[in-house]
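Below is one structure; the comments refer to it alone.
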Amino acid sequence: MASIRSRVLYRIYKLRTSPFDPKYSIEQQRLNLEKLAKRASVPREVAVERVTVGERPGEWLRPAVATPDRVVLYLHGGGYCAGSCGTHRALAARVAVTSKAPVLLLDYRLAPESPFPAALDDAVAAAGWLGDQGIEPGKVAFIGDSAGGGLAVATALSLRDAGRPLPAALVCLSPWTDLTGSGESVKTCARLDPLLKADSGKVIVPAYLGDTDPRSPLVSPIFADLTGLPPLLIQVGDHEILLSDSLRLADVAREAGVEVSVDVWKGMWHVWQAMAGLIPEAQRAIDEVGAFLDERLSPDEAGVGQRGGA
């Protein structure tokens with residue numbers, strides 16, 4: 002059962018207009034996300050270091066206690082049109098603490114100024130940049146929330162198809178994996194989800210896609226062949242419209258022979274993990290992510306990275 006704190010916060014969100022309501026311009030949605038993110042704080046034991054990743058800004062989030070030679074690449078959510086290091090610093094920092102690994106938080110390009118494939122190109126470049134720093138792919142994990150979750154999978158697919166080494170693990174928090182909006186939960190959870198609505202993609206989908214087919218595997222990974230991808234952890238709430246995106250991603254991954262763990266959290270909404278410090282379920286979810294990453298990035302299991310197809 003959901004905690005009292007989470008039930009109270011859920012009701013507060015339900016009484017307010019969704020920050021991603023399509024009545025808001027993209028610029029206003031960006032401001033809404035920035036405002037929402039102010040509720041979360043960065044743990045004191047994490048040092049924040051600005052860095053340039055290729056041609057993009059980013060941040061290293063370094064926990065006081067870290068296991069050598071392991072790194073997490075964090076790709077933030079925001080519908081490919083919003084989000085930044087500022088909006089996701091606190092969440093990524095908590096992942097750094099629980100995984101005992103420095104987290105590289107990437108500030109990739111956003112639509113509509115830079116539509117697909119700009120975000121994907123930046124994420125792939127960041128993976129290459131880590132390699133240039135001497136970090137072995139087998140000691141790297143990708144994690145993303147919402148659009149960042151879909152982007153994490155798409156980045157792994159791009160690396161695989163290019164024959165490049167893959168990360169040791171993937172983590173998707175409430176991932177957006179179907180830009181066609183065909184998931185059953187888009188309708189069945191429309192009245193439950195306090196942050197996203199059935200028409201939330203009305204403005205941001207065309208802004209990101211441009212002329213790209215929404216069924217393209219690199220924008221909607223549920224239509225991809227996921228063969229060869231590393232172990233995958235998916236967390237999703239049963240009160241969010243993207244529930245089907247997560248469940249179908251898990252099904253497609255299993256069919257491709259990928260090792261998958263999918264956790265459906267009762268009473269939780271879209272990317273509730275960002276509310277760590279406010280509701281206990283958020284920190285518990287991050288703790289589970291940390292345990293998964295700690296296991297996958299442990300020295301005895303880390304290698305040179307599985308290589309993609311020829």
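Each residue of the sequence shown is one higher than the one before, counting from 2 in this note's numbering.
C-beta atoms are modelled at their ideal positions from N, C-alpha and C, and glycine is treated no differently.
Predicted, not measured: the structure shown is a model, and the values here were computed from it.
What's the gap between the Cα of L10 and the Cα of E256? Numbered from 1 along the sequence shown, position 9 holds the residue referred to as residue 10. Numbered from 1 along the sequence shown, position 255 holds the residue referred to as residue 256. Distance between the alpha carbons of L10 and E256: 37 Å.
Look up S247 in the DSSP assignment and say whether it is helix, strand or coil. Stepping through the sequence shown from its first residue, residue 247 is reached at position 246. S247: helix per DSSP, three-state reduction.
For the structure I just gave you, are there three or more beta carbon pairs, one from the stretch 262 to 272 and one from the stretch 234 to 245, closer than 8 Å? yes
Does the Cβ of E56 have 16 or more other Cβ atoms within 10 Å, making it buried, or fewer, making it exposed? As a position in the sequence shown, residue 56 is number 55, starting the count at 1. Under this definition E56 is an exposed residue.
Which residues in the same chain as Q291 place their Cβ atom closer than 6 Å to its Cβ, once the five residues preceding and following it in sequence are excluded? Locating residue 291 in the sequence shown gives position 290, where the first residue counts as 1. Note that residue 291 corresponds to Gly in the displayed sequence, not to Gln. Counting only Cβ-Cβ distances below 6 Å, and skipping sequence neighbours, we find T99 and S100.
As a quick exercise: from L152, A157 and C190, pick the residue whose alpha carbon is nearest that of L180. Walking along the sequence shown from the start, residue 180 turns up at place 179. Nearest of L152, A157 and C190 to L180, Cα basis: L152.
Thinking C-beta only, is A126 closer than 9 Å to A169? On the sequence shown, position 168 is the one that residue 169 refers to. On the sequence shown, position 125 is the one that residue 126 refers to. No, these two residues do not count as a Cβ contact at 9 Å.
For the beta strand (DSSP E) containing R57, name the first residue and the last one. Start at 1 with the first residue of the sequence shown, and residue 57 comes out as number 56. In the DSSP assignment, R57 falls within the beta strand (DSSP E) that extends over R57 to P64.
Suppose contacts are defined by Cβ-Cβ distances below 9 Å. Is A38 in contact with A91 by that definition? In the sequence shown, the residue the question calls residue 38 occupies position 37. In the sequence shown, the residue the question calls residue 91 occupies position 90. At a Cβ-Cβ threshold of 9 Å, A38 and A91 count as neighbours.
Does D264 come out as helix, strand or coil in the three-state DSSP assignment? Numbered from its first residue, the sequence shown carries residue 264 at position 263. Here D264 sits in strand by DSSP.
For my contact list, L107 and V54 are in at a C-beta cut-off of 8 Å; report their separation, rounded to the angstrom. For this step, residue 107 is matched to residue 106 along the sequence shown. For this step, residue 54 is matched to residue 53 along the sequence shown. 6 Å between Cβ atoms; contact.
8 Å contact criterion, which L121 and S159 should meet: CB distance rounded: As a working note, residue 121 is residue 120 in the sequence shown. As a working note, residue 159 is residue 158 in the sequence shown. Yes, L121 and S159 are in contact; Cβ-Cβ is about 6 Å, under 8 Å.
In the structure shown, what three-state DSSP assignment does P166 receive? Numbered from 1 along the sequence shown, position 165 holds the residue referred to as residue 166. Three-state DSSP puts P166 in a strand.
Taking the alpha-carbon of G182 as reference, which of E260, D200 and D194 has the nearest alpha-carbon? What you label residue 182 is simply residue 181 of the sequence shown in a count that begins at 1. Comparing Cα-Cα distances from G182 to each of E260, D200 and D194, the minimum goes to D200.
Terminal residues of the continuous beta strand (DSSP E) containing Y75? Start at 1 with the first residue of the sequence shown, and residue 75 comes out as number 74. Counting along the chain, the beta strand (DSSP E) containing Y75 begins and ends at V72 to L76.
If we call anything under 9 Å between Cβ atoms a contact, is L250 one with V187? Residue numbering aside, residue 250 sits at position 249 when the sequence shown is read from its first letter. Residue numbering aside, residue 187 sits at position 186 when the sequence shown is read from its first letter. No; because the gap between Cβ atoms is not below 9 Å, this pair is not in contact.
Starting from V220, trace the alpha helix (DSSP H) in both directions and tell me its first and last residue. Indexing the sequence shown from 1 puts residue 220 at position 219. Unbroken run through V220: none, as it is neither H nor E.
Name the one or two DSSP bridge partners that Q236 has. Numbered from its first residue, the sequence shown carries residue 236 at position 235. According to DSSP, which records beta bridges pairwise, Q236 is partnered with L174 and D264.
Under three-state DSSP, which class holds A83? If you number the sequence shown from 1, residue 83 lands on position 82. Residue state, collapsed to three classes: coil.
V154 in three-state terms, based on DSSP: Along the sequence shown, one-based indexing puts residue 154 at 153. Correct three-state label for V154: helix.
Range covered by the beta strand (DSSP E) that runs through A48: Taking the sequence shown and counting its residues from 1, one reaches residue 48 at position 47. V47 to V54 is the extent of the beta strand (DSSP E) around A48.
How far does the beta strand (DSSP E) with L107 in it extend, from its first residue to its last? Taking the first residue of the sequence shown as position 1, residue 107 is located at position 106. Looking at the DSSP string, the run of the beta strand (DSSP E) that includes L107 is V104 to L107.
Note down the Cα distance separating V206 from L32, rounded to an integer number of angstroms. One-based indexing of the sequence shown puts residue 206 at position 205. One-based indexing of the sequence shown puts residue 32 at position 31. Going by the C-alpha atoms only, they are around 18 Å apart.
Going by Cα to Cα distance, which pick from S217, F224 and V253 is closest to L233? Taking the sequence shown and counting its residues from 1, the one referred to as residue 233 is at position 232. Of the candidates S217, F224 and V253, V253 places its Cα closest to the Cα of L233.
Leaving out five residues on either side along the sequence, give the residues of the same chain with a beta carbon under 7 Å from the beta carbon of T228. Here residue 228 is taken as the residue at index 227 of the sequence shown, counted from 1. Answer for T228: A257 and G258, listed in chain order.
Rounded to a whole number of angstroms, what is the C-alpha to C-alpha distance between L210 and P116? Counting from one through the sequence shown, the residue named residue 210 turns up at place 209. Counting from one through the sequence shown, the residue named residue 116 turns up at place 115. When rounded, the distance between both Cα atoms is 6 Å.
Proximity to G79 [Cα-Cα], best of M276, A283 and G145: For the purposes of this step, residue 79 is identified with residue 78 of the sequence shown, where counting begins at 1. Out of M276, A283 and G145, G145 has the C-alpha closest to the C-alpha of G79.
Cβ of Y75 within 9 Å of Cβ of V104? If you number the sequence shown from 1, residue 75 lands on position 74. If you number the sequence shown from 1, residue 104 lands on position 103. Yes, the Cβ-Cβ distance between Y75 and V104 is below 9 Å.
Less than 8 Å between the CB atoms is what I'm expecting for Q30 and A112, so what's the real figure, rounded? Stepping through the sequence shown from its first residue, residue 30 is reached at position 29. Stepping through the sequence shown from its first residue, residue 112 is reached at position 111. At roughly 12 Å, the Cβ-Cβ gap does not stay under 8 Å, so Q30 and A112 are not in contact.
Looking only at its own chain, which residues have a Cβ that is under 7 Å from the Cβ of Y25, when we skip the five neighbours before and after it? Translated into the one-based positions of the sequence shown, residue 25 becomes position 24. Excluding positions up to five away in sequence, the list reads N33.
In angstroms with no decimal places, state the Cα-to-Cα distance between E260 and S217. Counting from 1 along the sequence shown, the entry for residue 260 is found at position 259. Counting from 1 along the sequence shown, the entry for residue 217 is found at position 216. When rounded, the distance between both Cα atoms is 23 Å.
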